[in-house]
Every structure is written in structure tokens, then in C-alpha cells.
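K.L.:
Got a structure for you, written out below as C-alpha cells; questions coming shortly.
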Amino acid sequence: MTAIDVQSPPSVRPWWMENAGCQGKPRLFFPPPGERPAARDRRETRARKICLECNVLLQCQDYARTQRELGFWGGESEIERAEAGFAPTTPVIGLRRHRTAANG
Ligand code: SF4
């Protein structure tokens, strides 16, 4: 078995979250239960547009990768993070409390 390096979540909200372009839009960045593939594609397309104009994209992407986050962060979906070598370690949404940029 290969060990996965996951950093502990920060004890304080990272500074860059104050500048997140997704604040107040968690429904665009996290899937509802049972979301179908076509709906996911549409939702993630809209989220990606917001990310590409966000001033903290790189900080967000690095955070999501090192924290193995679920959802759409830093212009990347969970699948894209996994393909980059940063697969989420939590398979079921809702088991872990998240401090998200989108929740503001
Ligand atoms: S998910 Fe990250 S990059 Fe995208 S808008 Fe939110 S803070 Fe910015």
C-alpha cells in the first residue's frame, strides 16, 4: 500500500479565502446528491469560468491538492486533481467538515 501525504487542515482560515471569487456560490462548486454527469459538466463549466477570473486561483489549487479536497477548487474538478496525483481521500461527501472558499 502506498502512503498518501495529506497535510492537516490549517487552524485558521487561509488568507486567500477572503478574496475567493466563489464566495456565496457553494452550489456551483459542490455537487448535490445524485448529480447526473451532464448536470455536473454544466455546473463545473460555470465554476471553471469563475475560477479562471479569480485572483487566488493558484493558492486555492495548491490548498485543494494538498488537502485532497472534494468539489471544484482552483479551476480543477476532483477527477482533474486525481489525474494530477492528488486524489481525494474522503470517498463520501458529508463525512468531513470542510472550510471552503465558496462558503465564505
Ligand atoms: S474555487 Fe478557488 S479559484 Fe475558484 S473561485 Fe473559489 S477561490 Fe477562486
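With our numbering, letter number 54 in the sequence shown gets 52, and the count goes up by one each step, no holes.
A virtual CB, placed ideally from N, CA and C, is assigned to each residue, including glycine.
Small disclaimer: the values here were computed from a predicted structure and weren't measured.
Which residues does DSSP pair with Glu74 in a beta bridge?
P.N.:
DSSP output for Glu74 lists Trp71 as bridge partner(s).
K.L.:
For Ala62, which residues in the same chain have their Cβ closer than 6 angstroms to its Cβ, ignoring the five residues on either side in sequence?
P.N.:
The residues are Trp71 and Gly72.
K.L.:
How many Å lie between Arg34 and Glu16 at the Cα?
P.N.:
Arg34 and Glu16: Cα-Cα distance of roughly 31 angstroms.
K.L.:
Please list, following the chain, all residues that have a C-beta closer than 5 angstroms to any non-hydrogen atom of the ligand SF4.
P.N.:
Counting every residue whose Cβ lies closer than 5 angstroms to a heavy atom of the ligand SF4, we get Ala18, Gly19, Cys20, Ile48, Cys49, Cys52, Leu55, Cys58, Trp71, Gly72 and Ala99.
K.L.:
Between the Cα of Leu26 and the Cα atoms of Trp13, Ala36 and Arg40, which residue gives the shortest distance?
P.N.:
Residue Arg40 is the option with its Cα nearest to Leu26.
K.L.:
Which same chain residues, not among the five before or five after Asn53, have their C-beta less than 6 angstroms away from its C-beta?
P.N.:
Excluding residues within five positions, the ones whose Cβ falls inside 6 angstroms are Asn17.
K.L.:
How about Ile48 and Gly22: do their beta carbons lie closer than 8 angstroms?
P.N.:
No, Cβ-Cβ distance for Ile48 and Gly22 is not below 8 angstroms.
K.L.:
So Gln57 packs on Trp14, CB below 8 angstroms; how close in whole Å?
P.N.:
Going by Cβ atoms, the distance from Gln57 to Trp14 rounds to 4 angstroms, so yes, they are a contact pair.
K.L.:
What are the boundary residues of the alpha helix (DSSP H) that Glu33 is part of?
P.N.:
Neither: Glu33 is in no alpha helix (DSSP H) and is coded neither H nor E.
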